[in-house]
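Chemist: Below you'll find the structure I mean.
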Amino acid sequence: MNELVFFINNVVIAGSVSGSIYAIGAVGVTLVFSIMRFAHFAHADMMTFGAFMVLLLTTLFPTAGSAVGLPTAVVMLPLAMALTAALAVGIDRSFYKPLRAHGVKPIVMVIGSLGVTLMLQGLIRLFAGTSGQSLYVDDRKEIFRLALPFEGARAPIVITEPQIILFVLTIAAVVGLHVFLTRSRLGKAMRAMSDNPDLAQASGINTNLIVAVTWVIAGGLAAIAGTLLSLDVTFKPDLSFFILLPIFAAAIVGGVGHPFGAIAGGFMVGFAETLAVFNWSVLLRPFGDSLPEWLAQSGNLAFVGTEYKIVVPFFILVAILVWRPTGIFKGKVI
Amino acid sequence: MSTQREQRSDLVATRSRLPKRELTLFVALLVAVLGVYAAMGTAYSTRMLVEAACYAILALGLTIQWGYAGQFNAGVMGFVALGGFSAMFFSVPVNEAFWSSELPGELGLGLLYLALAILAVFATSRLDRLGVPRKLRTLITIALAVVLYLVVMSELRVVTEEIHSRVDFIGGLGLPAWTGWIVGGALAGGIGYFIGKVCLGLRSDYLAIATLGIAEIIKAFLKNSEWLTRGTATVSPLPWPTPGPAEVGFTLARALYLSLTAVLIAAIFFLLHRAYHAPWGRMIRAIRDNETSAAAMGKDINRRRLEIFVLGCILMGIGGGVLGSFNSLFDPQGYLPLNHTFLVLVMVILGGPGNNLGTIFGAVAVYIIWIMSEPLALFLMHSAVDIGQAMFGWDAPGNLDSRALQARVFVIGLLITLVLRFAPKGLLPEKVKHHD
Amino acid sequence: MPLLDARDVHGGYGGMNILNGVNMAIEADEIGVIVGPNGAGKSTMLKAIFGLLAVNQGEILLRGEPIHNLPANKLVQKGMGFIPQEKNIFPSLTVKENLEMGAFLKPHNTRRMLKRIYEFFPPLYDKRHQPSGELSGGQRQMVAMGRALMAEPDLLLLDEPTAGLSPLYMNEIFERVKEINAAGVGILMVEQNAKQALAIADKGFVLAAGQNRFTDTGEALLADPEVAKSFLGG
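Protein chains in written order, with this note's numbering: chain A, 1 to 334; chain B, 335 to 770; chain C, 771 to 1004.
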């Protein structure tokens, strides 16, 4: 029974946590992909930027959260989202739009976005340094221990406050995005432009407006994802390439251009990662007597060590590119 | 008859266009190099030139991928690290403690198991030829692969941990460094083949994503395989193929190494020049410029693309080996996307993608700027702090120097975006000849 | 004053002119049809009118107001609608959403216009919640026309609306075009099925090599033996 609790703590909860973060990140990437047709490499650093804004605001107003009973970081999130969205629109105006106007190939946009990545990295590190910092400046991370009402279950299920916030925010973001894309005029126009940009223009849809809206959403979601990631562990300025690969893998698995495919892909990559680094020998322990010797003896039955976690999204990426490059839900942008 | 005339008109056009721009830029570069010599001394400056030369090899590798074929490799670092590892593994002295123990046998057995496991999985994946339904075959193959993977990995883990704890690491082969460079190129080419095979038929963005990923994986592997590379403990010194500083002094040793790299670059440059003007090079450019019509003319696009990508990766592996040997230190953590991917990218796009001469110019020029920007950034930061303290009583944070260096990251990024926007063909653009 | 008046239009892609001086004028209640051999610049002319192509020389007037080189969304605001030959729907959007996109600039009209379009194309009402990519070719063409009509244009440009359709649907589409015109919308369309198209045309323009070859009423062009010999296949 304790093994089951261990499994829930280390796989179900941990997988949902990283899955949610990847999902929110991947939605942003896939939206940018579907409107502007390039892989936006600076997305991970937009996430970092969002989290950094939260850190900055939390340091400035450390007690704002206690007024409403939430961590200050969460209270500051909407403001950080707005700032990140503004940054995203600003970056587009000053760097991507001129390239688009020149009609460059998508891959040149990719290189441009790598340049933006470096600029963001440089700026963030210039101001934030390179070491990790907690987003809990003035308040304490609540940890909930849920004891199971079973005989012999000594270990409790452990879930932290930021994890609960993360689940709530993820669900809110997904529902909000769905409503926006299927009910609102701008959301439908976004889908239309992703379907057929020329016809969208011929229908009188202002494509510049849609591009701006896309960046606002991508920036806002990036701020959420970055903040949630930093709340769960700590704020680290330099994880961009490590977060970029799972996010791209998630977007491609879900079918590029499909926001809801990206969410499914995000959870898939998140769970695949946690399952791969999970030490399965723990689950086998209760059956130790009836197992072959070599299996029972090995203390570590994880597929990959945590230091090789990044192999998992890469493996998924390669597998999907070989097996079905359009993704599970057939992508629009190929 | 008509071809001859076209060629002649090419020659004339080239001759009349050639000198001015190239000459000005290279003279400026020469002046800059001499300036560095005057300011920083011979030993330091020669070291800088050797490193710049190594980067030029990397940049040539990237320029044929990006400039000739429009493939964007965002993981140069991984191929460089592979080259560096190979140079280390082949040139470092033999570890007697390892070879005299029973560990080589155990490691060999582990690797044999690995080979057998791969063979077994491969065999099961062909079960459908014996009439097993395809779905069932896939299921069996995956299950077998998972089980065998776990078994072999736990077996190997025991051996490698044993190696690390008893004899530190397996040591090198004690061979001349150039063997390592060649094998490094081959290793990088092999990885490039695998990545290219998966990605080159798809959107070009996917290649960028995949190379970015493989670079981090290679780095993670080299960093965490202590039994093979000593991991964070680093391996040094790496022997040079030329006489080392201990024998002939710093300046002369570095000058000898520099002449070796110069010969290497000249050879690569000559071969690339030949290939570029050969039918093969024309085909590559035809594919880059107009994929559809190249395909319509019956060119095997994906094969040509794969060739060029692998060739570029080989050059990066070789360059990484030369650079690794010169540094005389193998430190997996020293491989950074910024220094080993993006710096090379800047060299290529600034120098002129697809133009080998421009790429070499870009490599040397950008490397000098990069090296010189470090003291400059520190100086600027310190002045800023001084002013801040004097005028506002501002108390500067402690880790200022590392932050000042981060500012260079920003500059590299800005440079990339600006060059793409204002000089997309670089300072020395590729000379595209039109035969119409 | 003619609704559309194109005078001596030169234009093309990337410096190469495909149009070498085309003249075209239609009144507000007319159907204009552009016919001609492949490569004559028929579709190019339509794109030039709709601002999708650089006009290097000459002018295009809509109700006397110059419109050449204006972006497409401005032209939609000025009352022009365009139905491309291919890719003229949003395949993953439902039929209803496709139509709504047509009224993007006039959202307050959406409800009223939806009702009218459903009355005009009853099959679309039944399939309104279905992704339009799943419809048949003729129904897709209805979606495309419906989408363009949602903005209540004064002038509708159609690029080969009957290409690839079965004869049954072809006649249906021509009937619809006539009905749309009767409701007060000027029409300018490019057609391969020259005879049928000229039969409903008030004005016909025969283009060749980027220039007007014949310009007359549809009836007159059909009756002209030279036109018949060179362009209508005898």
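Ideal placement from N, C-alpha and C gives every residue a C-beta, glycine not left out.
Show which residues of chain A have a CB atom less than 8 Å away from the CB atom of V846 (chain C).
Modeler: Within chain A, the residues near V846 (chain C) are A202, S203 and G204.
Chemist: Around the C-beta of D539 (chain B), are 16 or more other C-beta atoms found within 10 angstroms, so that it is buried, or is it exposed?
Modeler: Counting Cβ neighbours within 10 Å, D539 (chain B) comes out buried, since at least 16 surround it.
Chemist: Which of the three DSSP states, helix, strand or coil, is assigned to L392 (chain B)?
Modeler: Here L392 (chain B) sits in helix by DSSP.
Chemist: So D539 (chain B) contacts chain A; which residues on that side make the cut at Cβ distance below 7 Å?
Modeler: Within chain A, the residues near D539 (chain B) are F38, A39, P106, I107 and V110.
Chemist: Decide yes or no for the touch test of the segment 140-148 of chain A against the segment 566-574 of chain B: beta carbon pairs closer than 8 Å, at least 3 of them.
Modeler: No, because fewer than three Cβ pairs between the segment 140-148 of chain A and the segment 566-574 of chain B fall closer than 8 Å, the two stretches do not touch.
Chemist: Provide the residue(s) that pair with K973 (chain C) in DSSP beta bridges, ordered along the chain.
Modeler: According to DSSP, which records beta bridges pairwise, K973 (chain C) is partnered with C:G802.
Chemist: Does the Cβ of I602 (chain B) lie closer than 7 Å to at least one heavy atom of the ligand FAD?
Modeler: Of ligands this structure carries none, so the ligand FAD is not represented either.
Chemist: Among residues of its own chain, excluding the 5 on either side of F756 (chain B), which ones have a beta-carbon nearer than 6 Å to its beta-carbon?
Modeler: Excluding residues within five positions, none has a Cβ falling inside 6 Å.
Chemist: Report the rounded CA-to-CA distance for L484 (chain B) versus V108 (chain A), giving the unit in angstroms.
Modeler: Going by the C-alpha atoms only, they are around 42 Å apart.
Chemist: I'd like to check one pair, A542 (chain B) with V110 (chain A): are the Cβ atoms closer than 8 Å?
Modeler: In contact: V110 (chain A) and A542 (chain B) (Cβ atoms closer than 8 Å).
Chemist: When you compare only the Cα positions, how much space is there between R777 (chain C) and N793 (chain C)?
Modeler: The alpha-carbon atoms of R777 (chain C) and N793 (chain C) are separated by roughly 5 Å.
Chemist: Restricting to Cα atoms, I'd like to know which of C:N879, C:A795 and C:S813 is closest to I788 (chain C).
Modeler: Selected option, being the one with the closest Cα: C:S813.
Chemist: When the Cα of A549 (chain B) is compared with those of B:G651, B:A629 and B:V486, which residue comes out closest?
Modeler: Closest by alpha carbon: B:G651.
Chemist: In terms of DSSP beta bridges, what is D929 (chain C) paired with?
Modeler: Its beta-bridge partners are C:V960.
Chemist: Kindly say whether G187 (chain A), judged by its beta-carbon, lies nearer than 8 Å to any beta-carbon of chain B.
Modeler: G187 (chain A) does not count as touching chain B.
Chemist: Out of A:I8, A:I124, A:G220 and A:V216, point me to the one whose CA is closest to R737 (chain B)'s CA.
Modeler: For the residues A:I8, A:I124, A:G220 and A:V216, the minimum Cα distance to R737 (chain B) belongs to A:I124.
Chemist: Taking V322 (chain A) as the query, report the chain B residues whose CB atoms sit under 7 Å from its CB, ordered along the chain.
Modeler: Neighbours of V322 (chain A) on chain B, chain order: V532.
Chemist: Within a Cβ cutoff of 7 Å, which residues of the same chain sit near L869 (chain C), ignoring the five residues on either side of it in sequence?
Modeler: Closer than 7 Å at Cβ, skipping near neighbours: L884, I887, G916, R917 and M920.
Chemist: Output yes or no for whether 8 Å exceeds the beta carbon distance between G988 (chain C) and K973 (chain C).
Modeler: Against a cut-off of 8 Å, the Cβ pair of K973 (chain C) and G988 (chain C) comes out as a contact.
Chemist: Please list the partners that Q740 (chain B) has in chain A, where partner means a Cβ-to-Cβ separation under 7 Å.
Modeler: Within 7 Å Cβ-Cβ: G122, R125 and L126.
Chemist: Report the partner residues of D775 (chain C) according to the DSSP bridge assignment.
Modeler: Note: D775 (chain C) sits in a beta bridge opposite C:A795 and C:L831.
Chemist: For A842 (chain C), which residues in chain A fall below 8 Å Cβ to Cβ?
Modeler: Here the neighbours are Q201, A202 and G204.
Chemist: Taking the DSSP output, what are the residues bridged to M850 (chain C)?
Modeler: Partner(s): C:L925.
Chemist: So with CB distances below 7 Å, who are the chain A contacts of P571 (chain B)?
Modeler: In chain order: nothing, as chain A lies at least about 27 Å away.
Chemist: Around the C-beta of W515 (chain B), are 16 or more other C-beta atoms found within 10 angstroms, so that it is buried, or is it exposed?
Modeler: W515 (chain B) is buried by the Cβ-count criterion.
Chemist: Whose Cβ in chain C lies nearer than 7 Å to the Cβ of R183 (chain A)?
Modeler: Chain C residues near R183 (chain A): none, gap ~10 Å exceeds 7 Å.
Chemist: Which same chain residues end up closer than 6 Å to F424 (chain B) when comparing Cβ atoms and leaving out the 5 residues on each side of it in sequence?
Modeler: Only L507, L509, T513 and G514 meet the Cβ criterion.
Chemist: With a threshold of 8 Å between beta carbons, is I316 (chain A) in contact with chain B?
Modeler: No, because no Cβ of chain B sits closer than 8 Å to the Cβ of I316 (chain A).
Chemist: If you count every other CB in all the chains shown that lies within 10 Å of the CB of F713 (chain B), and 16 or more means buried, which is it?
Modeler: F713 (chain B) should be labelled exposed.
Chemist: Taking any Cβ of chain A, which residues in the segment 542-558 of chain B have a Cβ under 9 Å from it, in chain order?
Modeler: Correct list: A542, I543, A544, L546, G547, I548, A549, E550, I551, A554, F555, K557 and N558.
Chemist: Quick one, which residues of the segment 854-880 of chain C are near chain A if we go by CB-CB under 7 Å, in chain order?
Modeler: So the close ones are P854, K857, N858, F860, P861, S862, L863, E867, E870, M871, G872, F874, L875 and P877.
Chemist: How close, in whole Å, do the beta carbons of G535 (chain B) and N636 (chain B) come, if the pair is a contact with beta carbons under 8 Å?
Modeler: With a Cβ gap of about 5 Å, G535 (chain B) and N636 (chain B) count as contacting.
Chemist: With a cut-off of 8 Å on the beta carbons, I'd call M912 (chain C) and L894 (chain C) a contact; round off their distance for me.
Modeler: Sure, about 6 Å apart at Cβ, within 8 Å.
Chemist: Chain A partners of F404 (chain B), CB-CB under 8 Å?
Modeler: Here residue 404 (chain B) is Gly; the residue named in the question, Phe, does not match the sequence. The contacting residues are K105 and I107.
Chemist: Taking the Cβ atom as the reference point for each residue, do R898 (chain C) and T864 (chain C) lie within a distance shorter than 8 Å?
Modeler: Their beta carbons are under 8 Å apart, which means R898 (chain C) touches T864 (chain C) by this criterion.
Chemist: Applying the criterion that 16 or more other CB atoms from any shown protein chain within 10 Å of the CB defines a buried residue, is W433 (chain B) buried or exposed?
Modeler: Exposed, since its Cβ has fewer than 16 Cβ neighbours within 10 Å.
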